[in-house]
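Student: Mind having a look at this structure? Questions to follow.
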Amino acid sequence: LRAAYAARRPESHRHHERARAVMPGGNTRSVLHLSPFPFVIAGGKADTLTDIDGISYIDCAGEFSAGLYGHDTPEITAALHEALAGGLVLSGPNRYEVPFAELICARFASVERVRFCNSGTEANLFAIQTARNATGRDRIMVFEGAYHGGVLTFGQGPSPMAAPFDWVMARFNEIDATRAAIRDHAGELAAILVEPMIGAAGNIPGRAAFLDMLRQEASRAGAILIFDEVKTSRLGAGGLQGEYGVTPDMTTLGKYLGGGLPFGAFGGRAEVMERFDPARPGALAHAGTFNNNVMSMAGGLAGLRDVFTPARAAQFLQECEAFRHGLNAGFAREGLEVRASGMGSILSLHLGAESPETLAQTDPRSVILRRLVHLNALERGLALTPRGDIYLSLPMEVPRRERIAEILTDAVRDELPFVPGR
Ligand code: PMP
12 LRAAYAARRP ESHRHHERAR AVMPGGNTRS VLHLSPFPFV IAGGKADTLT DIDGISYIDC
72 AGEFSAGLYG HDTPEITAAL HEALAGGLVL SGPNRYEVPF AELICARFAS VERVRFCNSG
132 TEANLFAIQT ARNATGRDRI MVFEGAYHGG VLTFGQGPSP MAAPFDWVMA RFNEIDATRA
192 AIRDHAGELA AILVEPMIGA AGNIPGRAAF LDMLRQEASR AGAILIFDEV KTSRLGAGGL
252 QGEYGVTPDM TTLGKYLGGG LPFGAFGGRA EVMERFDPAR PGALAHAGTF NNNVMSMAGG
312 LAGLRDVFTP ARAAQFLQEC EAFRHGLNAG FAREGLEVRA SGMGSILSLH LGAESPETLA
372 QTDPRSVILR RLVHLNALER GLALTPRGDI YLSLPMEVPR RERIAEILTD AVRDELPFVP
432 GR
């Protein structure tokens, strides 16, 4: 597969050689690493990508979930042109940030006040610092297999996220063990930081009872419950917290909410967030030259207001769940012991006849299956992320989704025999 991949992409190969001379490994974004070299994207239209060798792909890499809108959404493009014409570096509050903040506060149950930043990483760092300040404590509970699980994030060594904090690692979706761990650390926990569906371990949705337990135990322990909805915010107008009806104390956001531009935000209960009011004595500082950059504010606002309305969000979740069930029914019909986990527009393939609900239930060889399917699907004209995540985007109509299911099924059928022990 690798040899065929390389042979078809001489331009990308040349580009990589040039990149290696100036960027470590030719890379400025670890998750885009691909051996022998990544294909370089020339451009995108709606739900399609084209690389510099002229090869086109259905785009299920979806910019790791930030690409919810697809490429060139007219409402967003128009808003960006208008913003661009008004000047970019305005040195003051602009007319986009308040309506945007109003929409976010109206939609996300936990967010009474919000602050913008430039990435999901920043949002998490600030949420953690806010929780430490609000509680006077230092420890943060995170979950194995989650984005915040450090070593597991990319399987490529510790993430810088892990550096400055005092972590307690707990087990996602394991209710009794996690309850006990929270109670053990009750007096020292500043925050419990959790994705309501963990991504890195292969998109495993939280059990409702697990998230309810976290809510109760966080309150009991006096810890701030932070939902990282950087990715899951696209699963409903009000994120997964809206779908589950569980309201954390704080929420971190990013990805699609910037309309495709750099974006992060953190928010929560007013009395926690008001610590950032600069008029207050001892206020927490949160500077950031581009926190309210006009392009992200204008693009994000247009996306939420004009495209991803609550009705569209609900309909999209339903359509995508139907896609996932259909895909799994197809695997079952063909006797392929593979299932797509996840929810709505975010999916991962797992070995086994059922989707895992805990990290312990995942088959470590699923990582191999996903890498193989990724390369196989590329040759069939479908791009996933290199680690095999699958994202659906708003421009994908039914025939397109059917084609995606067909390619995934063909790729799984081809590659399953090459997974060790299968
Ligand atoms: N949280 C989660 C759950 C993520 O998946 C990511 C990135 N994939 C981040 C935070 C960081 O967001 P960003 O890439 O915008 O820094």
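Each residue of the sequence shown is one higher than the one before, counting from 12 in UniProt numbering. Each residue gets a CB set at the ideal place from its N, CA and C atoms; glycine is no exception. These figures come from a predicted structure and were not determined experimentally.
1) Among the residues of its own chain, which have a CB less than 8 Å from the CB of glutamine 140, if the five just before and after it don't count?
2) Using alpha carbons as the reference points, say which of Glu417, Ile115 and Gln372 lies closest to arginine 245.
3) Between Met208, Pro431, Leu405 and Leu393, which lies nearest to glutamate 417 when the distance is taken from Cα to Cα?
4) For the ligand PMP, I want to know if aspartate 239 counts as a neighbour, meaning its beta carbon is within less than 7 Å of at least one of the ligand's heavy atoms.
5) By DSSP, does leucine 272 sit in helix, in strand, or in coil?
6) Taking only three categories from DSSP, how would you classify arginine 376?
7) Less than 8 Å between the C-beta atoms of phenylalanine 183 and glycine 213, yes or no?
8) In the DSSP output, what is valine 349 paired with across the bridge?
9) Should glutamine 252 be labelled buried (16 or more other beta-carbon atoms within 10 Å of its own) or exposed?
10) With a threshold of 6 Å on Cβ separation, who are the neighbours of glutamine 167 within its own chain once the five nearest residues in sequence on each side are excluded?
11) Using three-state DSSP, classify methionine 180 as helix, strand or coil.
12) Could you check how far apart the C-beta atoms of aspartate 83 and alanine 120 are, in whole angstroms? I think they sit under 8 Å.
13) CB-CB under 8 Å to proline 273, same chain, minus the five flanking residues each way: which ones, in chain order?
14) Consider the C-beta atom of threonine 132 and the heavy atoms of the ligand PMP; say whether any pair is separated by less than 7 Å.
15) With the cut-off set at 8 Å, would you say glycine 250 and threonine 258 are in Cβ contact?
16) Quick one: which unbroken alpha helix (DSSP H) runs of 4-plus residues sit fully inside the region 243 to 327? Chain order, please.
17) By Cβ distance, which residues of its chain are closer than 6 Å to alanine 232, with the 5 residues on each side in sequence left out?
18) Quick one: give me the first and last residue of the beta strand (DSSP E) that aspartate 195 is part of.
19) Check whether the Cβ atoms of arginine 424 and isoleucine 69 lie closer than 8 Å to each other.
20) In three-state terms, what does DSSP make of threonine 369?
21) Give the DSSP bridge partners of tyrosine 402, in chain order.
22) Quick one: residues in its chain with C-beta nearer than 8 Å to the C-beta of valine 349, no 5 flanking neighbours on either side, listed in chain order?
23) How about isoleucine 52 and glutamate 22: do their beta carbons lie closer than 8 Å?
24) Are the CB atoms of phenylalanine 50 and threonine 396 within a distance shorter than 8 Å?
25) Spatial neighbours of residue 465 within its chain, please: C-beta separation below 8 Å, excluding the five flanking residues on both sides.
26) State the start and end residues of the unbroken beta strand (DSSP E) segment that holds glycine 54.
27) Do valine 179 and methionine 152 have their C-beta atoms closer together than 8 Å?
28) Who does valine 125 pair with in a DSSP beta bridge?
29) Measuring straight from C-alpha to C-alpha, what distance separates methionine 177 and isoleucine 235?
30) Considering only DSSP beta bridges, list what leucine 393 is partnered with.
31) Just curious, the alpha helix (DSSP H) that threonine 141 is in, first and last residue?
32) Are at least three pairs of beta-carbons, each pair with one atom in the region 37 to 48 and one in the region 369 to 380, less than 8 Å apart?
33) Determine, using beta carbons only, whether alanine 351 comes closer than 8 Å to chain D.
34) Go ahead and pull the three-state DSSP assignment for phenylalanine 429.
35) With distances taken between CB atoms, is the gap from arginine 414 to glycine 399 smaller than 8 Å?
36) With the cut-off set at 8 Å, would you say histidine 24 and alanine 17 are in Cβ contact?
Tutor: This is what the structure holds:
1) Leu295
2) Ile115
3) Leu393
4) yes
5) coil
6) coil
7) no
8) Leu362
9) buried
10) With a pLDDT of only 44 at glutamine 167, under 50, the local geometry of the prediction cannot be trusted, and the value read off the model is given with reservation. Around glutamine 167: no qualifying Cβ.
11) strand
12) Between alanine 120 and aspartate 83 the Cβ distance is about 32 Å, and since that is not below 8 Å, they are no contact.
13) Asn129, Ser130, Phe301, Asn304 and Ser307
14) yes
15) no
16) 250 to 255, 281 to 284 and 305 to 313
17) Ile193, Ala197 and Leu200
18) Here aspartate 195 belongs to no beta strand (DSSP E); instead the alpha helix (DSSP H) covers 186 to 195.
19) no
20) coil
21) Ile357
22) Phe342, Leu360, His361, Leu362, Gly363, Leu380, Val423 and Leu427
23) no
24) no
25) In this structure the chain extends from 12 to 433, so residue 465 is not present and cannot be described.
26) 52 to 56
27) yes
28) Gly278
29) The residue you asked about is not methionine; residue 177 is aspartate in the sequence shown. If I take the Cα positions, the gap works out to 15 Å.
30) Ile69
31) 131 to 146
32) no
33) Within the model displayed, chain D is absent; a lone protein chain is all it includes.
34) helix
35) no
36) yes
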